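>
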Amino acid sequence: MKEISDEQKAVEGQVMKIYKESSPIIENLFEWAYINHLAWSLAALALALVVWLTLALSNAENQRNALATKQCADPVFKGEIDKKCLRSVQSREHWWQHVSYALTHLSPEK
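The opening residue of the sequence shown carries number 1 in the UniProt record's numbering; numbering runs sequentially from there.
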C-alpha cells in the first residue's frame, strides 16, 4: 500500500478545513423557521379574531334590525320584547347583508 506524503496530508487537511467551514451552523439552522411559525400563528390568530368579530357583528345587527322593525313584539304583554324570538329571528335573508349594513351605517338613522 502506498503511503500518503506529508504534502498530500496538508492539502487534504486544507480541503477538509474548507469543507468544515462551509457546513451550516446547527444552532442557527432553524432560527428563521421559528420566526416564520410565529408570523403564521399571529396571522391565523388575527384571521380567527376577524371571523369571530364578523359573526358577533352579524348577530348584533340581526337583533337590532328585528327590534327596529318590531319583529319580536311580545303578543301577550304589549310593549315588551319576546326574548326567545329575538334569539332565533332572521330579520334579513343572509348574514352578509347584516354585516354590510352595519359597516356602512355607523350611526343610527334619524
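Every residue, glycine too, gets a C-beta built ideally from N, C-alpha and C. Being a predicted model, the structure only gives us computed values, none of them experimental.
Determine whether the beta carbon atoms of Cys72 and Leu86 lie at a separation below 9 angstroms.
Counting from 1 along the sequence shown, the entry for residue 72 is found at position 72. Counting from 1 along the sequence shown, the entry for residue 86 is found at position 86. Closer than 9 angstroms, so yes.
> Just to confirm, are Ser91 and Ala66 a CB contact at a threshold of 9 angstroms?
Residue numbering aside, residue 91 sits at position 91 when the sequence shown is read from its first letter. Residue numbering aside, residue 66 sits at position 66 when the sequence shown is read from its first letter. Yes, these two residues count as a Cβ contact at 9 angstroms.
> Less than 9 angstroms between the C-beta atoms of Leu55 and Trp95, yes or no?
Reading the sequence shown from its first residue, position 55 is the one you call residue 55. Reading the sequence shown from its first residue, position 95 is the one you call residue 95. Closer than 9 angstroms, so yes.
> From Leu49 to Glu12, what does the alpha carbon distance come to, in whole angstroms?
Taking the sequence shown and counting its residues from 1, one reaches residue 49 at position 49. Taking the sequence shown and counting its residues from 1, one reaches residue 12 at position 12. The straight-line gap from Cα to Cα measures roughly 59 angstroms.
> Return the CA-CA distance between Leu42 and His105, expressed in angstroms with no decimal places.
As a first step, residue 42 is located in the sequence shown; it is residue number 42 there, counting from the start. As a first step, residue 105 is located in the sequence shown; it is residue number 105 there, counting from the start. Distance between the alpha carbons of Leu42 and His105: 30 angstroms.
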